[in-house]
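Residue numbers (my numbering): -17 to 701.
Inspection log for the structure reproduced underneath, given as structure tokens.
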């Protein structure tokens, strides 16, 4: 399964008056597409800091000491605020613990939900046009290379025809969208009218009916309204008659409501129609002199597709598949050729090097890496795309800290000496020496080598998977990608469309009477309802990734359950990838696919939900499970003794050692590496070392695992 987000060796600190606080200390994890990763730990463990780093909203005193956050061919730690503006809310959204922190108290809910849709509309159209043009130019180049220079004219003609067809499809679809938007807007107004009439609210009936008649007559498109022209004309006349017949003194809206209900039915039929295949119809219109576009839609599409396939698309796909094959195999061969260069670079950076030589090596290697990227692979290879910046920054840090370390050592020695002198003179010294921040030469070199090694491992996996490549499927997906981008170019979101989508979103997240509540303010909603509104806002731009930062902590247990069920349902329906942050393992028991347990800025255990709940290995995970209530536990729950360490002065060994009754001497001296429990399960505890004494899992946990297993097996047998 592919990863939509990768976090590698992330290190984040904060400058404080007392010193540098180590918030996140070298963590790595992957978020799989369409799955939920839960990050669990006590307050101060680094969970929220990690989430904010992904979204690019860290505080001004933040120090990014190292690592990468890879998404869509970009390292989110290296991009500009302008680039983040195109990602934040659109591609990656976040739900915070307190919904009021995300809501403007003096702006109506409806406007807050629609804002993101309207802001992103024009940006998305520009990006879609650029993506289409750039990708088509690359495809043409690969077609020429695959067919040979003698057939360059055919490749050029195929791409020109495809581009011309898509432009005509844009014209047809744009006209359709204008009519469709008019119908969708009028449907929204109609539903508002009927809702207000039902609630006995004041209405300008005559004015509205006349306005709706005018709007209805403007809805004209050969594909949208074909076969319904007479109904539209007749209903327009009925609206006019109802307006003339309405007597404002009596206030009887019965006749107007009956006509509006007919209008609602008609508009729902129009907006519920299947969208035509504009690409096929466009080609048919452009290249068949005898094209008849006034056929019924299903017949027209059948004829148009047959004509396009026979005259153009079959050959286009044949040549496109050759181009896709050429592009993939060229990139594959270059990746194979790059492997020895990566070994050579590893050896080079494994010993002392000068700044000039390092820059030259970085440029030469990065040029080869970029040349090995498959340009027709529209899901970007983030590891390869970010290699140049990652390596370049690691080299800069290497030379920066080599120069800075002696100054930091001198500063620390000077302050220490001054403090000791004052104490020796009997002074009451209340201030502490700010800890020194120095990086060993080998540690800095290791950061460079890690970047090289990770790319090598990634390329080796890519090469190993090559024999299973399905070029036909790959080329078909590329055609669909082109069609999707062409459609996005002419997709505009109007205020009325945004309102209707917002109302549907409010329904989707479980808000009753959304049309009425659309115009209300945040203070008119309960805590649970406000959180539902925040979820609707987060989903408004159809993000790829949803980050949930303790979204149920401030809610009572019943509402918590409803919100969790809602997030689970939305994940399944929308194919969302979710990062769920919580201090309570019980919250994610029924929704997490993978779980990362964090303590003192480090991930101490990582595995699937089954791994963590049925086979926990780290004492901290045991402590979290022991403090988690359930319906069957009769004994008093165990509290975790002590408090988390002060991360301005991080412990030398395992940070949990001081609170761990199973701690050994080595826990206080050296932080444990990750020990592999299974292919999906890892834990950083010395208890997994072969020479460690055998320690029994606490009885409260084994009893709970037994009960869960029995319940699971009983459910399976009953099923």
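For every residue, glycine included, the Cβ atom is placed at its ideal position computed from N, Cα and C.
Residue span of the beta strand (DSSP E) that contains residue i, given as start and end
i: residue 10; result: 1 to 14
i: residue 651; result: Unbroken run through residue 651: none, as it is neither H nor E.
i: residue 663; result: 663 to 665
i: residue 20; result: 18 to 22
i: residue 205; result: Counting along the chain, residue 205 falls outside any beta strand (DSSP E), and DSSP gives it neither H nor E.
i: residue 559; result: 559 to 564
i: residue 466; result: Run containing residue 466: none in the beta strand (DSSP E); it sits in the alpha helix (DSSP H), 453 to 471.
i: residue 429; result: Note, residue 429: premise wrong, no beta strand (DSSP E); alpha helix (DSSP H) at 423 to 447.
Residue i at chain D interface by Cβ criterion, 9 Å
i: residue 96; result: Of the chains in the structure shown, none is chain D; there is only one protein chain.
Buried versus exposed, by CB contacts within 10 Å (16 or more), residue i
i: residue 686; result: buried
i: residue 451; result: exposed
i: residue 5; result: buried
i: residue 557; result: exposed
i: residue 699; result: Confidence in residue 699 is poor, its pLDDT being 49 and thus under 50, which makes the residue's placement too unreliable to answer from.
i: residue 324; result: buried
i: residue 701; result: Because the pLDDT of residue 701 is 46, which lies under 50, any placement of that residue in the model is unreliable, and the question is left without a value.
i: residue -10; result: buried
i: residue 564; result: buried
i: residue 495; result: exposed
i: residue 651; result: exposed
i: residue 262; result: buried
i: residue -12; result: buried
i: residue 119; result: exposed
i: residue 187; result: buried
i: residue 688; result: exposed
i: residue 354; result: buried
i: residue 467; result: buried
i: residue 115; result: exposed
Candidates the options, of which the one nearest residue i by Cα
i: residue 161; options: 512, 513, 474; result: 474
i: residue 110; options: 346, 641, 520, 463; result: 463
i: residue 546; options: 555, 538, 556, 534; result: 534
i: residue 240; options: 263, 175, 275; result: 175
i: residue 194; options: 178, 208, 238; result: 238
i: residue 94; options: 485, 339, 582; result: 485
i: residue 182; options: 61, 200, 48, 498; result: 498
i: residue 121; options: 136, 602, 384, 1; result: 136
i: residue 50; options: 342, 630, 11, 584; result: 11
i: residue 127; options: 660, 322, 302, 284; result: 302
i: residue 260; options: 250, 253, 280, 272; result: 280
i: residue 201; options: 191, 215, 192; result: 215
Contact check, residue i vs residue j, beta carbons under 9 Å
i: residue 478; j: residue -14; result: no
i: residue 82; j: residue 393; result: no
i: residue 266; j: residue 290; result: yes
i: residue 185; j: residue 245; result: no
i: residue 521; j: residue 490; result: yes
i: residue 569; j: residue 542; result: yes
i: residue 727; j: residue 171; result: A query on residue 727 cannot be resolved here, the shown segment of the chain reaching from -17 to 701 and no further.
i: residue 358; j: residue 415; result: no
i: residue 683; j: residue 21; result: no
i: residue 552; j: residue 594; result: no
i: residue 368; j: residue 91; result: no
i: residue 365; j: residue 437; result: yes
i: residue 2; j: residue 417; result: yes
i: residue 665; j: residue 653; result: no
i: residue 646; j: residue 621; result: no
i: residue 258; j: residue 154; result: yes
i: residue 632; j: residue 639; result: no
i: residue 37; j: residue 70; result: yes
i: residue 310; j: residue 456; result: yes
Residue i, enclosing alpha helix (DSSP H) - first and last residue
i: residue 290; result: 279 to 290
i: residue 524; result: Looking at the DSSP string, residue 524 is not in any alpha helix (DSSP H), and its letter there is neither H nor E.
i: residue 535; result: Run containing residue 535: none; DSSP gives neither H nor E here.
i: residue 195; result: 187 to 199
i: residue 378; result: 369 to 406
i: residue 482; result: 477 to 490
i: residue 184; result: Segment: none, residue 184 is in no alpha helix (DSSP H) and carries neither H nor E.
i: residue 659; result: Looking at the DSSP string, residue 659 is not in any alpha helix (DSSP H); the run it does join, the beta strand (DSSP E), is 657 to 660.
Hey, which unbroken runs of the beta strand (DSSP E) at 3 residues or more fall wholly within the segment 572 to 643? For the beta strand (DSSP E) assignment, the uninterrupted runs of no fewer than 3 residues enclosed by the segment 572 to 643 are, from N- to C-terminal side, 576 to 581, 584 to 590.
Please give the ranges of any beta strand (DSSP E) in the segment 307 to 351, keeping only runs that are unbroken, at least 3 residues long and fully inside the region. none
What runs of the alpha helix (DSSP H), each 4 residues or longer, lie entirely inside the segment 219 to 304? Correct list: 236 to 253, 260 to 269, 279 to 290.
Run through the segment 25 to 102 for me and flag every whole beta strand (DSSP E) of 3 or more residues, listed as ranges in chain order. 44 to 53, 74 to 77
My parser needs the alpha helix (DSSP H) runs of 4 or more residues fully inside the segment 100 to 174; what are they? none
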